[in-house]
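Remarks on the structure that follows.
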Amino acid sequence: MKRRAFVCAAGAAVGFGAARIAWGQSDYPARVIRIVVPYPAGSGPDMLGRLVAQQLQKIFGRSVVVENRAGALGVVGTMEVARAAADGYSLALATNTTHAANVALYKDAGYHPLRDFAPVVRLCTGPMMLLVRSESPYADVAALQADANRSFSVGYGSAASQVAAAKLARGASLNVVNAAYKGIPAAVTDMLGGHIDYTFADLPVAVPLIQSGRARALAVTADRRLAELPDIPTLGESVRDADVMGWQGIVAPSGTPPAVLAKLEDAFRKAFQDSDFVGQVKAMHQTVAPLYGSDFETFITREIERWKQDAQLAGIEPQ
1 MKRRAFVCAA GAAVGFGAAR IAWGQSDYPA RVIRIVVPYP AGSGPDMLGR
51 LVAQQLQKIF GRSVVVENRA GALGVVGTME VARAAADGYS LALATNTTHA
101 ANVALYKDAG YHPLRDFAPV VRLCTGPMML LVRSESPYAD VAALQADANR
151 SFSVGYGSAA SQVAAAKLAR GASLNVVNAA YKGIPAAVTD MLGGHIDYTF
201 ADLPVAVPLI QSGRARALAV TADRRLAELP DIPTLGESVR DADVMGWQGI
251 VAPSGTPPAV LAKLEDAFRK AFQDSDFVGQ VKAMHQTVAP LYGSDFETFI
301 TREIERWKQD AQLAGIEPQ
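Here the sequence shown stands for residues 1 to 319, numbered as in UniProt numbering.
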């Protein structure tokens, strides 16, 4: 009799625990959600992350905060989310650097984009721009090539900018001294200050600098000229195999319950039906390109292989 009572009590406890978990998932989100941006404030991913936070807050009616955790080409912040509780309350702003290129750039980044994360949504894609300060004597890539006997100082703050810089150096036969930065804004600051000759920046950072006259764009890493900036040539017009296309998305820790992932996906589908949200993404000079769940996972799998090839072609050895 006692054994039967114990079994019944244990079964009730298990059932109660399962019910609590199920209720927690159905009640999601019940508290603050944080989006970890593994890049510094003022970077392109930071701008997008804050826009996403505003939109999710609008949809869920819950606070959504952005936390910047910059360092090691996005590794620091990305690892923090990989180790976080898989409950949907810690999300990462993922990029082609953190969730593709770092597999090629590091022998062991401390995480794997597929093993340690559940893809939620790819948000957008966009190229990089080759920038010099407005006072620079270099007006185009040909001018860099004409001065190839000198040593150029180049800074990068992301994998995309590192690969783009390596492709330019190899394709144009430039002698370069590389400087790694915590993020693109720091590299841009040193470029504007004359401490480095050039850098590659994503469009949300680059375009305002060009429009204000503080910087000059020598090339864009897209496969064709941008419709909104048709006078800026592609890097491929001067250097072979020079396309570098970045992307950004949202991921959750591996093991996040399917019900929570479904709620997040539904929220982003609603976001992309909001013309104001879509317009703000486009205003960052990004191409709106949503991919969800398994489709995003398949895309990341392909991207990992692509960035491995790009790093190899650019002559970059894993650290």
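All C-beta atoms, glycine included, are put in the ideal place defined by N, C-alpha and C.
Residues sharing a beta bridge with residue i, DSSP
i: Q248; result: T95 and C124
i: R133; result: A215
i: S151; result: N175
i: P119; result: V251
i: V288; result: C124
i: Y156; result: A180
i: S90; result: R34
Start-to-end residues for the alpha helix (DSSP H) that takes in residue i
i: V66; result: Looking at the DSSP string, V66 is not in any alpha helix (DSSP H); the run it does join, the beta strand (DSSP E), is V64 to N68.
i: T221; result: Here T221 belongs to no alpha helix (DSSP H), and DSSP marks it neither H nor E.
i: R240; result: From DSSP, R240 is part of no alpha helix (DSSP H); its letter is neither H nor E.
i: I300; result: G293 to L313
i: A146; result: V141 to A146
i: A109; result: Segment: none, A109 is in no alpha helix (DSSP H) and carries neither H nor E.
Local Cβ density within 10 Å of residue i, reported as buried at 16 or more and exposed below that
i: Q162; result: buried
i: S63; result: exposed
i: V43; result: Rather than Val, the amino acid found at residue 43 in this sequence is Ser. S43 is buried by the Cβ-count criterion.
i: S90; result: buried
i: T298; result: exposed
i: D202; result: buried
i: F152; result: buried
i: W23; result: Confidence at W23 is low in this model, with a pLDDT of 45, below 50, so the placement of that residue should be treated as unreliable; the coordinate-derived value is given next. The residue is exposed, with fewer than 16 neighbouring Cβ atoms inside 10 Å.
i: K167; result: buried
i: V281; result: buried
i: N149; result: exposed
i: G61; result: exposed
Reduced DSSP category for residue i - H, G, I as helix; E, B as strand; rest coil
i: D202; result: strand
i: I33; result: strand
i: A180; result: strand
i: G24; result: Here the model assigns G24 a pLDDT of 48, short of 50, so the residue's position is not dependable, and the following value carries that caveat. Of the three classes helix, strand and coil, the one that applies to G24 here is helix, per DSSP.
i: L229; result: strand
i: F272; result: coil
i: T256; result: coil
i: E317; result: coil
i: L73; result: coil
i: residue 327; result: Nothing can be reported for residue 327, as the shown portion of the chain is limited to 1 through 319.
i: P40; result: coil
i: A101; result: helix
i: R170; result: helix
i: G193; result: coil
i: A85; result: coil
Rounded distance between the beta-carbons of residue j and residue i, thought under 8 Å
i: A160; j: V244; result: 5 Å
i: A164; j: M128; result: 5 Å
i: A82; j: D116; result: 4 Å
i: V220; j: I210; result: That pair is no contact at about 11 Å.
i: F272; j: R122; result: That belief does not hold up - the Cβ atoms of F272 and R122 are roughly 11 Å apart, past 8 Å.
i: V260; j: G88; result: 4 Å
Where the beta strand (DSSP E) containing residue i begins and where it ends
i: L56; result: Counting along the chain, L56 falls outside any beta strand (DSSP E), though it belongs to the alpha helix (DSSP H) covering G44 to F60.
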